[in-house]
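Q: Residue numbers (our numbering), protein chains in the order written: chain A, 4 to 923; chain B, 27 to 139.
Ideal Cβ positions, reconstructed from N, Cα and C, are used throughout, including at glycine.
Below you can see the structure in the form of C-alpha cells.
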C-alpha cells in the first residue's frame, strides 16, 4: 500500500517538471469525452446546442476539470514553489543593484556571525580528526585526574575499549651534533591504539613499553621533527637520539596530519610513561602515581552512551575520593580536592563539563553582539525591500486582479527574500572562511610563543553549513515578512490606475522605514562605544606605565626541571647560572623569578591576613579606600610571585619600606614575605605594615604558618596593563624551593644589544651544565607587547565589527533618503518653483537625514551609558561613560551620516521644477 | 459537499476498478456511463471528478492507459486493469464485504440474539 502511494508521489514529482505534454493529452481525452457525450445526447433527442450544454454541465465545468487533473498530475505546493523560485530569480536579476547591495549586507551580517561560530565550532564542537571520533571522550573537570585516578578508571570503569593518558614535557634533544628543545608528550602505551592513529613509518608502542618502568626508551616522532631533525630520512626508524643524555630509539614516525589531541600544544615526539623513570628518576608517574596529573582520553565501547560512561566513571571516582580521604589527615580544614569525573566528547579544547558550560555563556554573549550586526543587515534589506514595494504595487495589483490570493503573493515575496538571504548566507560563509584564516594568521603573529602551535581546523563542515543555512532562512523571514505583508496590501483599483510607479510615500511606511534606520544607527553606536572605550583604555594603560621600567630589561626562560635533577641540585644549578650572569660585564643586575609581570603567568596562593575574619576579608576585597579592587581576588587568596634575591632592584620596583630578600632567607630562616602597597594598606590601614603577618595553611594538613612582612614594594601592574591595584605578595624562592613551580625566568637588567647578551647567557648556561636549556632571550617590553597585542587584536576586531555595522547603517540611511527624495520630487519642484534655492533644498534633505542619524545615535548613546557599567572591570583609567569616547563616536557617526545623505541631497537639488511638476 | 465527496472518492476508485474488471479496457466516458448505469441511475456524478481518480489509480499503478481506437473510429484513451489493480480490487472487495457484513449486523438486530 505504502509502496503504491510512494510510486504515485514519484510520478507526480516527475509531473512537476514534466512540462505540458500530459496536459495536451488530457485535453484530447476530454474532447473525445465531450464528443461522445454530445452524440449520445443528440441520439437521445436533444438539439446539438442543448446536448453540448448538458454534456458540459454533467462534466462539472471544463476549466475546473482541467485544473483538478493538472493539480493531481503534479504536486501543487511544489509547483507553486518552483514557479516562485523562477519568478524570484527573474525579479532579482532584473534589479542587480538592489540584489547586490542586499546580498553584500547579508554577507557581512552572516559573515561575522559565521566567523565566530567557525572558531567555536573548531574549538568546542568539531570532533578530533580521528577514526570513529564519536567514541572519543575526555575525563576531566576543571582539574585533571591524577595518574592513579587514570589507572583506576582504566581498570574498573568497564565502559571503555581503551583509556589513554598523556602529559607534556620539554627536554633537550640531541641527535648527532645538533641539539635543541623538544616538546614531548609522555603517553600511556595504548595512546596511539586508543586514538586510532597508525604511524606513517614504523610502529606504535607496545603495551609492554608503556607500563614496565624503564623497560623501553623508545619514541615516536612527529612528522615535523622527522623532517626538521632527521631530514625526512625513510630509514629514520631505528636511529637513536638523546633526551637529557638518555638514548632513545625511534620506532615510528607519526602521520603528517596527526598533530596531537591538544589545542595549542606543540607535539614533537611521543615517549611512553615507562621511559619517564629514566628521565626523572626522582619523581615520576610510575613511582608516585598520586603526585602527577594526566590528561585522559578514552574510546567508548560501541553501544555505550555518554551518560552510561559518566555513571561508570562516577562510581570509580567516588571510590578514589574515599582512598584519598583515608590517606589525608582527618582534621584538615582545607576542602578536599575531589577526583575529576566529568566525561565529555573529545574536541580540540581540553575542558571539563563545567568550564564548557561557562564557555557557552561567553560564546552566547559574543554571538549576541554579532547578532546585532546581522540585525542591522536585516534592517537594511527590509528597508530596501520596502523601498521597492512602491515600484511593485502595480505588478502586484495585476496579479491580485487576475486571481492570485494574498497568501500566494506573500509566499512569493517571502520566497524572494529567502532566496536573497540564502545567497547572502552563502557569501557570508565564504567570507567567514576567509576572515577566519585571516584572524588565525593575525593571532599567530600577535600571540606569545607558547600558543603559536595552534592548529585550528576552520574548514567548512556540516555544522557550519547548517548554522549558516538556519541563519539564512531565519533572516530571510525576519527581513522579508513585514515588507511582504505591507507590499501585498494593495488597493487593486487605484494601483492599477496609477500610471507611474512612484507614489507619494504613505506616512506609515516611512515611519517604519525610519525606525529601521534609527535602529541601525543605534546598533552601530552600541558596538562602537565599547570598542572605543577599550581602545582608549589600552592606550591610557600603556602611556601611564606599568609601575616598573622596561628599558634594558631582558627575560629568558630557564628550564631547570628539564634537567631531571632533584630539587637541591636544580636550585644549585639555578644559583650558579645567576652567579655567572651577574658577573657578565654589561649586566647591572640579574634575578630569577617564576613570574614575569605582564607576560602571562599567574600564581594564586591561599594566604590569610592574621586576625582577619572571613567577613572582613570579603568586605576588603571590594572597597579599598573607596576604589574597588579586583573582584578576582577572592577572600583568602592572593596573587603572588616567587623571586630570587635582587628582584626589586633588577625590575626597578622600589621598596618603600623594609628590606629585600637576602641569601639568608632560606628554608632554615623565619618565613618572610614582601607585600605591595595595596596589600600593606589592608594589613595595617594607615599604619606600618612591616612586622605584620600573613598566614599560610599547609594544603595537606591545614596547619597554619605565619609569614612576617619584611618589606613593602611599590604597586605595579602584574597581570594586565590596564588592571586596577591588586593585592600582591612576593616570597623568596630560596625559602620555598623550586619543586613543582615550573621553569623560572632569568631577568636581566643590562646595557648592550640583545644578540650579544643572548650569546653570553647561553654560554653561561652551558658552562654551568651542558644540558641546561635557556630559551631565547627576549626584551621585556617585547614580551609584554606580544601579550597585549593579542588583546589589541580582539579590540580592533570588535572595532571592525562596529565599523561594519556603521557601513550597513550608512547604506540604510542612504536608501531611505534616496527614496524620500524620489517620493518628494513634486514637493521639491514646487518649493523650487516658489523660489527655494538649491542650498536650501540641500539643507532640508540633509537635515532630515541627520535627524534620523541623531535619533539613532542618541538611542545608542543612552543604551550604552546604561549598559557599559558591565564593562567597568575591563576599563582602565576611564569611566564607562567617558565623554571623550562618546563624543568621538558621535562625531564619527555624524560624519558618516552626512556622507550617506549627501548624494540624495544633491540629487534633490538637481530637480527641475518644470519636469517635476509635469510629472505625475 | 466535503464529507460526502470524501466517502464518494474512496468508493469511486473501487467502482472504477470493478467496472474495468467487468468490462475490460474502457475509455473515461465509457467508465462514467457504465458506473451510472450499474447504479441503476441512482448515482449522479460529475463526470469531471472521474478523471483525477483515473489519474490517481494510474499513478499508483493499478490501471494503465493507452491510446486506442473507439467503436466509431475515434482516437480514445483506454484504461485497463493491471495485475496490481486486480489484486487491489480483490483485497478491497473482501474488505468491503467485511464492512458491509459488520454494518448489516448492526442494522439487523434479529440476528444478534
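Roughly how many angstroms separate the alpha carbons of residue 335/A and residue 739/A, rounded to a whole number?
A: Here residue 335/A refers to the residue found at position 332 when the first chain is read from its first residue. Here residue 739/A refers to the residue found at position 736 when the first chain is read from its first residue. Annotation note: pLDDT 48 at residue 335/A (below 50); position unreliable, coordinate value reported separately. In a straight line, the C-alpha of residue 335/A is about 22 Å away from that of residue 739/A.
Q: Please classify residue 31/A: is it buried, with 16 or more other beta-carbons within 10 angstroms of its beta-carbon, or exposed?
A: Here residue 31/A refers to the residue found at position 28 when the first chain is read from its first residue. With fewer than 16 Cβ atoms within 10 Å of its Cβ, residue 31/A is classed as exposed.
Q: Would you report the Cα separation of residue 144/A and residue 317/A, rounded to the nearest angstrom?
A: Taking the first chain and counting its residues from 1, the one referred to as residue 144/A is at position 141. Taking the first chain and counting its residues from 1, the one referred to as residue 317/A is at position 314. Cα to Cα, residue 144/A sits roughly 12 Å from residue 317/A.
Q: Tell me whether residue 161/A is buried or exposed, calling it buried when 16 or more other Cβ atoms sit within 10 Å of its Cβ.
A: Counting from one through the first chain, the residue named residue 161/A turns up at place 158. So residue 161/A ends up on the exposed side.
Q: Who are the Cβ neighbours of residue 531/A in its own chain at under 6 Å, not counting the five residues just before and after it?
A: Residue numbering aside, residue 531/A sits at position 528 when the first chain is read from its first letter. Around residue 531/A: 805, 892.
Q: Taking 7 Å as the cut-off, is the beta-carbon of residue 104/B closer than that to any non-hydrogen atom of the ligand SAM?
A: The ligand SAM is not part of the structure shown, which contains no ligands of any sort.
Q: Using only CA atoms, which one of 321/A, 441/A, 170/A lies nearest to residue 277/A?
A: Position 274 of the first chain, counted from the first residue, corresponds to residue 277/A. The residue with the shortest Cα to Cα distance from residue 277/A is 170/A.
Q: When you compare the CB positions of residue 370/A and residue 164/A, do they come within less than 8 Å of one another, or not?
A: Working through the first chain from its first residue, we reach residue 370/A at position 367. Working through the first chain from its first residue, we reach residue 164/A at position 161. Not a contact, by the Cβ cut-off of 8 Å.
Q: Going by C-alpha distance, which of 529/A, 154/A, 293/A, 187/A is nearest residue 869/A?
A: To locate residue 869/A, count along the first chain from 1; it is residue 866. Of the listed residues, the one whose Cα sits closest to residue 869/A is 529/A.
Q: Would you mind telling me which residues of chain A sit closer than 8 Å to residue 81/B, beta carbon to beta carbon, in chain order?
A: Working through the second chain from its first residue, we reach residue 81/B at position 55. Within 8 Å Cβ-Cβ: 72, 75, 76.
Q: Have a look at the DSSP bridge pairing and note the partners of residue 753/A.
A: One-based indexing of the first chain puts residue 753/A at position 750. DSSP output for residue 753/A lists 590/A as bridge partner(s).
Q: Would you mind telling me which residues of chain B sit closer than 7 Å to residue 45/A, beta carbon to beta carbon, in chain order?
A: Within the first chain, the letter at position 42 stands for residue 45/A. Here the premise fails: no neighbours, minimum Cβ distance about 13 Å.
Q: For residue 100/B, which residues in chain A fall below 9 Å Cβ to Cβ?
A: Residue 100/B sits at position 74 when you count from the first residue of the second chain. The contacting residues are 35, 38, 39.
Q: Residues of chain B with CB under 7 Å from residue 32/A, in chain order?
A: The sequence position of residue 32/A within the first chain is 29, counting from 1. Those within 7 Å of residue 32/A in chain B are 54, 103.
Q: Using the rule of at least 16 other Cβ atoms within 10 Å of the residue's Cβ for burial, across every protein chain shown, is residue 656/A buried or exposed?
A: Stepping through the first chain from its first residue, residue 656/A is reached at position 653. Under this definition residue 656/A is a buried residue.
Q: Would you report the Cα separation of residue 618/A and residue 690/A, rounded to the nearest angstrom?
A: Here residue 618/A refers to the residue found at position 615 of the first chain. Here residue 690/A refers to the residue found at position 687 of the first chain. In this prediction, residue 618/A has a pLDDT of 46, which is less than 50 and means its spatial position is unreliable; what the coordinates show is noted afterwards. Each residue's Cα considered, the two are about 21 Å apart.
Q: If you reduce the DSSP assignment to three classes, tell me which class residue 624/A lands in.
A: To locate residue 624/A, count along the first chain from 1; it is residue 621. Note that residue 624/A scores 41 on pLDDT, short of 50, meaning its location in the model is unreliable; the coordinates nonetheless yield the value given after this. In the structure shown, residue 624/A sits in a helix (DSSP, three-state: H, G or I).
Q: Assuming residue 674/A is part of the beta strand (DSSP E), what are its boundary residues?
A: The residue you call residue 674/A lines up with position 671 of the first chain. It is not in any beta strand (DSSP E) - residue 674/A carries neither H nor E in the DSSP assignment.
Q: Alpha carbon to alpha carbon, how far is residue 55/B from residue 9/A?
A: Position 29 of the second chain holds residue 55/B. Position 6 of the first chain holds residue 9/A. If you take the alpha carbons of residue 55/B and residue 9/A, they lie about 28 Å apart.
Q: Apart from the five residues on each side of it in sequence, which residues of its chain come closer than 8 Å, Cβ to Cβ, to residue 925/A?
A: There is simply no residue 925/A to check, as chain A begins at 4 and stops at 923 in what is shown.
Q: How big is the Cα-Cα spacing for residue 714/A and residue 796/A?
A: Here the question's residue 714/A lines up with position 711 in the first chain. Here the question's residue 796/A lines up with position 793 in the first chain. Answer to the nearest angstrom: the Cα atoms are 38 Å apart.
Q: What do you reckon, are the CB atoms on residue 964/A and residue 101/B nearer than 8 Å?
A: The requested residue 964/A is not part of the displayed model; chain A covers only 4 to 923.
Q: Give the C-beta separation of residue 659/A and residue 710/A to the nearest angstrom, bearing in mind that I take them to be a contact with Cβ-Cβ under 8 Å.
A: Taking the first chain and counting its residues from 1, one reaches residue 659/A at position 656. Taking the first chain and counting its residues from 1, one reaches residue 710/A at position 707. So it is not a contact: roughly 19 Å between Cβ atoms.
Q: Can you tell me which of the three DSSP states residue 348/A falls into?
A: Locating residue 348/A in the first chain gives position 345, counting from the first residue. In the structure shown, residue 348/A sits in a strand (DSSP, three-state: E or B).
Q: If I follow the unbroken alpha helix (DSSP H) through residue 738/A, where does it start and stop?
A: Counting from one through the first chain, the residue named residue 738/A turns up at place 735. Element bounds for residue 738/A: 736-739.
Q: When the distance is taken between beta carbons, is residue 364/A closer than 8 Å to residue 125/A?
A: By 1-based counting over the first chain, the position of residue 125/A is 122. By 1-based counting over the first chain, the position of residue 364/A is 361. Contact: no.
Q: Taking its Cβ as the centre, do 16 or more other Cβ atoms sit within 10 Å of residue 255/A, making it buried, or is it exposed?
A: Along the first chain, one-based indexing puts residue 255/A at 252. Label assigned to residue 255/A: buried.
Q: Kindly confirm or deny that the region 433-448 of chain A and the region 111-121 of chain A touch, where touching means at least three C-beta pairs closer than 8 Å.
A: Yes: the two stretches touch, three or more of their Cβ pairs being nearer than 8 Å.
Q: For residue 918/A, count neighbouring Cβ atoms within 10 angstroms of its own Cβ and tell me buried if that reaches 16, exposed if not.
A: Walking along the first chain from the start, residue 918/A turns up at place 915. The residue is exposed, with fewer than 16 neighbouring Cβ atoms inside 10 Å.
Q: Should residue 920/A be flagged as near chain B, meaning a C-beta pair shorter than 8 Å?
A: Numbered from its first residue, the first chain carries residue 920/A at position 917. Taking Cβ atoms only, chain B never reaches closer than 8 Å to residue 920/A, which makes this a no.
Q: Out of 95/B, 103/B, 39/B, which has the shortest C-alpha to C-alpha gap to residue 25/A?
A: Along the first chain, read from residue 1 onward, the residue named residue 25/A stands at position 22. Taking only the C-alpha atoms, the option nearest residue 25/A is 103/B.
Q: Could you tell me the distance, in whole angstroms, from the CA atom of residue 166/A to the CA atom of residue 281/A?
A: As a first step, residue 166/A is located in the first chain; it is residue number 163 there, counting from the start. As a first step, residue 281/A is located in the first chain; it is residue number 278 there, counting from the start. Cα to Cα, residue 166/A sits roughly 24 Å from residue 281/A.
Q: What residue range does the beta strand (DSSP E) around residue 709/A cover?
A: Position 706 of the first chain holds residue 709/A. 707-716 is the extent of the beta strand (DSSP E) around residue 709/A.
Q: Compute the Euclidean distance between the alpha carbons of residue 99/B and residue 398/A, then round it to the nearest angstrom.
A: Residue 99/B sits at position 73 when you count from the first residue of the second chain. Residue 398/A sits at position 395 when you count from the first residue of the first chain. So the alpha carbons of these two residues sit roughly 49 Å apart.
Q: Name, please, each residue of chain A whose Cβ falls closer than 7 Å to the Cβ of residue 78/B.
A: As a first step, residue 78/B must be located in the second chain, where it is residue number 52. Here the neighbours are 71, 72, 75.
Q: Please identify, using Cβ separations under 7 Å, the residues of the region 58-70 of chain A that lie next to chain B, in order along the chain.
A: Flagged, chain order: 61, 62, 63, 64, 67, 68.
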